[in-house]
Amino acid sequence: MLTFQHLVCFLCAFSELQSIFYDTDPFQFDCLYYFPSNPFIRDIVKYCIRPTDDKNPIIIDFVNMHQQNFTFDELHRLNISSHEVLLWSSSMDLAERYQYYVDQSIRSIELNEQFFNCTPPRFGSRCQYSFELVSNVADMTLNVLWQSDMTDAVTHRTCYILLDCDRGPAPMCLDWREICNGRIDCFNNGVDESQCFELEINECNENEYRCYNGLCIARIFLDDPFFEAECFDRSDLWVETDCPNAYLRRHVFECAEYACRPDEGRFPCGDGQCVEDFDKCQNGRHILLAQSLSVQGYLPYDCWIAVGCLSKVTDQVNGVSCEQFVNLSQVLPGLETCEYPVQFPTIPVLLGHVRFLYYPKQIFNISVKLALIPDYVCYDEQLCDFLRPTFYHGNLTCRHRYEMGLKSDVELKDWKSIIDLIKPHFRGCITLHYHNITSHYSSLYACKNSSKYISKYRLIDGISDCALNDDEQVSELSCSLNHPFRLQCLNEIHCQSISLLRNICQFGGQNNFEEILFYEICDRVTDLSPMIINGRNHSDETDCENWQCNNIYTRCDGFWSCPHGEDEENCTRSICPKGLLPCILLNRSALICLPASQVGDGIIDCLGASDEIEYCRKSNENYRTRGFYCPNDSKCVQHGELCNGNQDCLLGDDENVCEHRSQLCEKSNFHNLTDAEYVFCQIGSIIKPSFSLETASIYPPLPIVQINPVNNQLNEQYIYSSPGKFSQPNICNYGLQVYHSLGLDNISIVCFCPPNYYGDRCQFQNQRVSLTLRLGLVERQLPYAIVISFFEDDNDRQEIYSYHQLTYLPKDGCGRSFNIYLLYSARPKNNSKNCSIHIDAFDKNSLTYLASWHLKVPFLFLPVNRLAVFLTLPISRTLHHSHCPLECYKGTCVKYLNEEHFFCLCYSGWSGAKCHIQIDCTNCSSNSICVGTIQNRPICVCRLGKFGPRCLLDQSCPEKFCENDGRCVMIDERMINKSYVCICPQSFFGIRCEKIKPKIEISFLNIEVPSYTYAFIYQDTIYRQPKLLHIILQKVKMFQKIITFYARSAFQIVILKTDINYYLAVLQQSESTNISTTIGPAQRCVPYQELFSHELLTLPRIHRLKNYHVPCQNNVELQCFMDELYMCLCTVEHH
C-alpha cells in the first residue's frame, strides 16, 4: 500500500492548475500550482494542504471503485509513456516512479504501483479531490477572493498566532503587518515592537536603497520599469498603486507582502490595504477592531449599552442595533447606572496605551445624534514624556479633553472624528523605552523636548515624527548627512528625503546640471537651483538672450515660451491680434486681449492664471494636467475638471463660464463654443513636450529604406475566462476550496493554502522569507540552472529549511523578477538561530558550476523577512582562489561573488560547511548532480532535457515547435504545456522564431575600419527622450567593409560607436525594419570642442548649452555633434 506522504502533488485537469513534484516540507501536503491567465503576470502560486502541525489530516486508504485504474505493469504493456501519465492527472512524483519502474531491467513487484486515471474535474492519488463541475472554477475562486467590494461583513479573517500577543478581546487578532509598524498593538508590554529599534538604526550599503521601515533592497530596483514594490512599505515606488487591486488580484506576492509605512499612522487591513484609523477596509477587518473595542468588560449592562451607543464606536451592542435602544429610550437612562469615572472602551483605543475617561453629565445636555466626547484622554507617561499631565487616575496619566483638541464647542458625529482630533498629539510618542542610545548611534536624531530618537533618514521626509516637528525643520543638518537619496530643491535651504515625496521638489528645481533635459532649458521655468560659478549666478533660465524660443519643443504647446507668443501663433482659433493673449478677466469673466507686457509679469490678470502659467508649473510637477489655477485656495486643478459640474476651486472658478453646461470643454463641443468659452476651455491645456524627429534631416534617404518589412504582431491569442457566479461561499480565506471525497456520501471541504497561510481554513499567517530575485542580462542565450537554498547558518551541518529551483533563460527572463517564498522547517521558527540563503548557478547544458551568492537573513524577529537582490550571472566559472582559509574535505574552496567570504563547494553526495557529511544521492539520476538533501530527500539538479525531482523524466517539446532552426527549451517543468521557449538564431525572433528580426547593414566609407563597434539602437521618440532599445557589441573582422546588426524590434535611430568616434548611421521619422546605410566623415558626430570658439569653450557648461543651436546654423552639412552628456541632431531648419 502506498503511503500518502509520497504522493503529495497532483495534476488538475483544469487549464490553470498543475502539479510539480513531491514536497519536502513537513508542513505541507498535496500541492497544486496555480498559473495566472494574465500573460503579463508570471508568478506561480503553490497551494497545498498546510495543517497546523506535521500530521497529514487527509486519509486516503479507501478503495475508489468509480475511477479507472492500472498497475505500472499494465501501463507499460499498453506502451504508455511517463509523459502521458503526467497528462492524465498524475503527480510528477508518481510519473517518475513509473519511469523508474520502466527503466529497470528486472521489474520488482514492490515497484508495481497502482495508478488511478481520474476523470475531470477529479484529481488526486485516488481521485479523491474535485472542484465544482465547471472548468474555470479555480479562476472564479480567485476572482471571488480579489474582487470583493467595500463591505460591512468580514470576508477574510486571518491571524498571526506565532507571537504571544494580547491583541485585545475577540474577534480581533494580530496581523503580521502590525509587528514593527511603529505603534503598539499588543497590550502585553508591546511585544510586537520590542525588538524593532534594530530597524531604526539599520544602515544600508552604497549599492542599496533604505526603505522607509529600515530594510534594504538593491538600488537598481528604484528604476523598476514594472512598477513593482520591493520594499515592504512600497517606499521604493514612484507611482502609488492600491492594494488590493483588480489588476493584481492573482499576483498574490504583490499585495500579500505589503505592510503599511511606519509612522504614517494607518491601520493594516490584512490584505495589503492601509486605511486611516477606523476607516473602512474592503475585507471588513475594521469591523473586528470595532467589535473588540465595544466589549462589555467590567461595565454594568445598561451603562455598557449607553456608552457603547453614544460613543459611536459601533452601531450595535450585544447584537442589537443602537437605533433600537434609542427608540426604546434605553440609552440615556443607562448613563445613570455607570460608576464614574467610566473608562470606555475598556481597552486602549489607540497606539496600545491611549484611553478615554468619561465623567457624569446632565442627560438633557446629551444628543444621541452626536458622538459622546470623553472628558479626559489618558496615556502612558513614559512613552509620551513631552506631554504635561493634567491629573492622575490610578495608574493612568491623563489630560483634559480641551488640551487634546476636543474643545467644548466642537460637535462630532462619529467615533473616527474623535480619533482624528487626538491622534496628532501623540505623534512624538515612542513605542519602547531606550537605554544609553546617544553615545552609540551617530545615525540617530534626538527629538527636542522628548526622549524619542529617530533615524536621520526620517529627517525632512514629509512626516512629523517629533512632537515639536523639529525633524522637519533641521535644514542645515539634512544637507550634511551625505545621504544618497536626498535632494536640495530650488530656493530651499534643506535637503529632503525622497522616501515619501513623489513630486521630489515643489518647484522642480535641483542642483544636478547633468540631469536636465534639453527642452527644459530657457523655458521660463527654473528647473535648476541657481549656482554661483566664477562669481556669476547660473541656472537653466539665465543667459537666454540668444535662445530660440520657437522650436520643436515649444511650438503650439499652449504656453508662451517667447515674450510675444510667437511660438503659439496660428496654433488655435484666432481671437486676438499678434502679440496679444486671449484672457478672461479674473473677476468679471469678460474676454479681453491682454498685452504681452502683462504676460508672465507675476501678476494674475486672467481666470485660471492663464497669463501666469508659472504658478502651476512651479507648484505642481503635473502642471501639464493640473494647469488651471484656483487663486483663493492656491491650488491647481486638472483641465478635465473644468465645467464638469463639480466645484473644484474654492469659489468655483473652474465652473464660472459654464452656465450650467456640464462637459462644456469636451473636444466634441469645441466647434459650438463662443470665443470666451473656447478660451476658457484652453486654460491649463498644455501639451507635454516630447523628443520629435518631425523636422529631422533623415538619413539614409528614403528610396533605400524599408526593405522586406516585418510584421511584429504576435500570432498567439490569449483566452481569458470570465468569472461566473460562484455557487459556494469560500471558507478558505485566501486559499482554494476543494471537495474531498471518501465515497459517494462522504464529502467534505478541504482548503489548499498558498505559502503565506496555513491551517484547515488557511486562517493563520505563515512565517517566511519573501525573496525577489532579478538576474542580470547576459548576451549568452543558453539556459542556467539556479538553485536557491534557505538554511540554518549556525552550525557545520547547515540544515536546509526549504529550497527553490528555476531555469533561467536570458531571452525569457530578462528584466523580470522572480518572487519566491522560502519557508522555515519549524513553526514557530527559532529566532535565536541565524539563517542564510545560498544561491548557486550552473550551466544547464553541462551542469558546470558557475558561481554562488550568499544572502544573510537579517532581523530574525520579523515574521516575514523581505529580501530583494539583483545578481549578474557570469558567462564562465569564477576563478579558484589559492588562498582560501577553509579546509574542505570533499569539496572545493570558492569565494562568493557578492561578498568577501569563502565557502566549501561540495562534490555531489557531500554536504555540510566543510563538505564532511556524506548524503544519500542514489535517487538522483546518473546524469544529474546532487547539491544537498532536505527531509532525507536529495536535491537533484537536472541537465537540459531532463526534469523531475530525480531528473528521470524527459523534456519533450512538441514537434516543430520552433521554426527557422530555433532550439526548443522547457524552462519550467511545472507548466508542462506552457513552458516552451525557443532559442532563436541571430536573425529570427518571436515565440517560435517565426519572425525575421529587423536588419541593419552598415558600410564603412572613407574611414578606418574599427576592430569592434557598438550599435546604440533607439525607438519610441514620442517620449521626452528616445527609448534605448538595446546596445549591441560586435567584433569586426579584418578587411570587413560591411557589418550587420539584428535589432529586437523596429527602430528610428542608430548611432554607431567605433574606437573613439560616434556616427549617425540611421535617422528616420517613422520606425524602420530593414535598412542599408553607409557611414563616413559626413556622418560623424563632431565633439563640441571642434565646433565652438575658445570664448564659448571657457564658459560653464550650463551657459554653453544656451548656444547649442549655433553649430547647426553655421554648418549646413553638420548632422550631429556631442558633448559629455548630450547627443545633438541638427534639423532641416538648422536648429
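Here the sequence shown stands for residues 1 to 1135, where the numbers follow the UniProt record's numbering. Glycine is no exception: its CB is placed at the ideal position from the N, C-alpha and C atoms. Given the structure is predicted, the values throughout are model-derived calculations rather than measurements.
- Scanning the region 898-980 for uninterrupted beta strand (DSSP E) segments of 3 residues or longer gives 902-906, 929-934, 937-941 and 967-970, listed from N- to C-terminal end.
- Under the three-pair Cβ rule at 8 Å, the region 205-214 does not count as touching the region 184-192.
- When Cys186, Val307 and Gly579 are compared, the shortest CA-CA separation from leucine 351 is found for Cys186.
- Taking the CA atoms as reference points, cysteine 762 sits about 10 Å from proline 755.
- Annotated three-state conformation of phenylalanine 1016 is strand, per DSSP.
- Of the residues assessed, asparagine 795 falls on the exposed side of the cut-off, its CB having fewer than 16 other CB atoms within 10 angstroms.
- Where tryptophan 415 is concerned, the enclosing alpha helix (DSSP H) starts and stops at 415-422.
- Contact between tyrosine 803 and proline 783 does not hold, since their C-beta atoms are separated by about 19 Å, which reaches or exceeds 8 Å.
- As computed with DSSP, methionine 1122 is found in a beta bridge with Pro1087 and Met1127.
- Aspartate 843 is bridged by DSSP to Tyr784.
- Bridge pairing for phenylalanine 29: Ile49 [DSSP].
- A straight-line Cα-Cα distance of about 26 Å links histidine 483 and leucine 862.
- The beta carbon of isoleucine 373 sits closer than 7 Å to the beta carbons of Arg401, Leu406, Leu412 and Ile418 from its chain, once the five residues preceding and following it are set aside; these are given in chain order.
- Rounded to the nearest whole angstrom, the CA to CA distance from asparagine 534 to lysine 1106 is 18 Å.
- Distances from the CA of asparagine 1006 to each of Ile1079, Ala1047 and Leu94 were compared; the closest alpha carbon is that of Ile1079.
- Shown here for glutamate 472: same chain residues with a beta carbon closer than 7 Å to its own, the five before and five after excluded, namely Ile460 and Ser464 in chain order.
- Per DSSP, the continuous alpha helix (DSSP H) segment holding histidine 76 begins and ends at 72-77.
- In the three-state reduction of the DSSP assignment, asparagine 181 falls in the coil class, being assigned neither a helical nor a strand state.
- With respect to the C-alpha of leucine 86, the residue from Gly776, Asn79, Ile80 and Ala95 having the closest C-alpha is Ala95.
- Ranking Ser329, Ser294, Asp302 and Ile971 by CA distance to the CA of aspartate 315 puts Ser294 first.
- Here the alpha carbon of histidine 286 sits roughly 15 Å from the alpha carbon of cysteine 260.
- Of the residues assessed, asparagine 551 falls on the buried side of the cut-off, its CB having 16 or more other CB atoms within 10 angstroms.
- Per DSSP, the continuous beta strand (DSSP E) segment holding glutamate 1071 begins and ends at 1062-1072.
- With three or more CB-CB distances shorter than 8 Å, the region 449-459 counts as touching the region 383-391.
- Here serine 475 is near isoleucine 493, since their CB atoms are less than 8 Å apart.
- Look at the beta carbons and you see the region 297-304 not touching the region 268-283: under three pairs across the two are nearer than 8 Å.
- Listed as beta-bridge partners of arginine 866 by DSSP are Ser770.
- As DSSP reads the structure, glycine 891 sits in a beta bridge with Cys906.
- The alpha carbon of glutamine 765 has as its nearest neighbour, out of Phe35, Pro51, Ile44 and Phe29, the alpha carbon of Pro51.
- Between valine 1036 and isoleucine 1043 the beta-carbon gap is near 6 Å, inside 8 Å, which marks them as a contact.
- Inter-residue distance for cysteine 616 and leucine 517 is about 20 Å (C-alpha atoms, whole angstroms).
- The continuous alpha helix (DSSP H) containing glutamate 1095 extends over residues 1094-1097.
- Considering only Leu370, Pro341 and Cys957, the residue with the shortest C-alpha distance to tyrosine 392 is Pro341.
- Short of 8 Å from the beta carbon of leucine 199, and not among the five residues preceding or following it, lie these beta carbons of its own chain, in chain order: Cys180, Asn213, Gly214, Leu215 and Phe859.
- Valine 738 sits close to phenylalanine 131, with the two beta carbons spaced by under 8 Å.
- Within the DSSP secondary-structure output, lysine 999 pairs in a beta bridge with Tyr1046.
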